[in-house]
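Quick notes on the structure that follows.
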Amino acid sequence: MKTNAVQTMDTADLEAEFRAWRHHPYVAAHITEPEPDRDHILFLKNIISTKDMQVQEKRERILSALLVQAALDMHEEVTLQDTSTDEMRKRRQLTVLAGDYFSSLYFYFLAKLKDTEVVQVFSRSIQHINEQKMRLHQQEETTLNGVASLVREIQAGLLKNLSAYYNQAVLGETAEAFLGLKKVHAAKATYSCGGECPLLTAVQEAAAWPTGDGQAVEARLADLELAFIEELAHYREKAAPLLNEDVTARIDELIAASNAASKG
1 MKTNAVQTMD TADLEAEFRA WRHHPYVAAH ITEPEPDRDH ILFLKNIIST KDMQVQEKRE
61 RILSALLVQA ALDMHEEVTL QDTSTDEMRK RRQLTVLAGD YFSSLYFYFL AKLKDTEVVQ
121 VFSRSIQHIN EQKMRLHQQE ETTLNGVASL VREIQAGLLK NLSAYYNQAV LGETAEAFLG
181 LKKVHAAKAT YSCGGECPLL TAVQEAAAWP TGDGQAVEAR LADLELAFIE ELAHYREKAA
241 PLLNEDVTAR IDELIAASNA ASKG
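Here it is as structure tokens:
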């Protein structure tokens, strides 16, 4: 039995249960197992805060969402992996299988819920997120605003739809801005290390600049970051009555860190 004896909504407990479910000895021996995203947990706890639901039901919905995110992340990682050696090909295959494993766990949790409406929210969200990922990979958007829209939908599509389902739509919009800003930070870090990712490629294509023009890429990333900072500050104020203390603190931390980095 992998669930805790005492069911709580403590963030550390949710992280521990996610790790227990995601662990598979063979997979762990060959690839890095995903860590739970604490910010996702904080937003999910805020979104699924209805008093009409038992703690166990809330936990199962949160764990389902975390496993969905893990599956999406693992499958996305597959597209970035080198397959020039047998060991690399094996690692790629295991990454695919790990993503499928997390997907099966998500279905297991949702089957326990016996809530067809929320299952439909999850299913529609996953389909839409995968569609937007394909659009990002294929550089279908030709403007920076278009790229930003894809980032929002990919990073927080499930949270946004769950927020609407639980009649707290503004929390989903806040999550879009928050997770979008985090993604831009990650892309900037990848770029500074000489790496590649779909977002960087999309930014370059949207700006119609040559790949070697480093200053142009940095400028576009800075523009994208500023847009998300302003958007997050707006929703931080708009959603204030609904935001819990933990989410509010994380929003303030991220905005402060972004402003400090831009001035540095």
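Under UniProt numbering, residues 1 to 264 are what the sequence shown spells out, in order.
Glycine residues also receive a C-beta, built at the ideal position from the N, C-alpha and C atoms.
Just so we're clear, the structure is a prediction, and the values are computed from it rather than from any experiment.
Reduced DSSP secondary structure (H/G/I, E/B, other) of residue i
i, result
"Leu232", "helix"
"Ile48", "coil"
"His128", "helix"
"Met53", "coil"
"Thr248", "helix"
"Lys114", "coil"
"His24", "coil"
"Asp10", "coil"
"Leu97", "helix"
"Ala261", "helix"
"Leu243", "coil"
Inter-residue spacing [alpha-carbon to alpha-carbon] between residue i and residue j
i, j, result
"Glu153", "His30", "31 Å"
"Arg59", "Ala175", "19 Å"
"Asp39", "Val247", "8 Å"
"Phe178", "Cys193", "23 Å"
"Glu141", "Val203", "9 Å"
"Gly212", "Gly195", "Because Gly212 carries a pLDDT of 48, less than 50, the predicted location of this residue cannot be relied on, and the following value inherits that uncertainty. Answer to the nearest angstrom: the Cα atoms are 13 Å apart."
"Leu44", "Tyr165", "12 Å"
"Gln93", "Lys263", "43 Å"
"Asp223", "Pro25", "43 Å"
"Lys182", "Leu63", "21 Å"
"Leu14", "Thr116", "24 Å"
"Gln139", "Ala187", "16 Å"
"Leu221", "Met134", "21 Å"
"Val151", "Gly180", "6 Å"
"Leu243", "Leu66", "20 Å"
"Asn259", "Ala227", "12 Å"
"Leu159", "Ile126", "11 Å"
"Val68", "Phe122", "9 Å"
9 Å Cβ cutoff, residue i in contact with chain B
i, result
"Gly146", "In the structure shown, chain B does not exist; there is a single protein chain."
Cutoff 6 Å; reference residue i; Cβ partners in own chain excluding five residues on either side
i, result
"His234", "none"
"His128", "Gly157"
"Ile41", "Thr11, Leu14"
8 Å CB neighbourhood of residue i in its chain, flanking five on each side removed
i, result
"Val119", "Leu110, Leu113"
"Ser149", "Glu141"
Endpoints, the alpha helix (DSSP H) within which residue i is located
i, result
"Glu33", "Run containing Glu33: none; DSSP gives neither H nor E here."
"Gly180", "169-192"
"Asn145", "144-165"
"Gln138", "Careful: Gln138 lies outside any alpha helix (DSSP H) and carries neither H nor E."
"Asp37", "Where Asp37 is concerned, there is no enclosing alpha helix (DSSP H), given that its DSSP letter is neither H nor E."
7 Å Cβ shell around residue i - same chain, five flanking residues per side excluded
i, result
"Pro34", "Arg22, Ala70, Asp73, Met74"
"Leu98", "For clarity, residue 98 is Ala in the given sequence; the question names Leu instead. Counting only Cβ-Cβ distances below 7 Å, and skipping sequence neighbours, we find Val27, Ile31, Met74."
"Glu231", "Ala177"
"Phe18", "Pro36, Leu63, Leu66"
Open item on the list: Three Cβ pairs or more, each shorter than 8 Å: is that satisfied between the segment 251-258 and the segment 41-57?
Closed with: no
Task: Inter-stretch contact at 8 Å, needing at least 3 Cβ pairs: the segment 163-180 / the segment 93-106 - done: no
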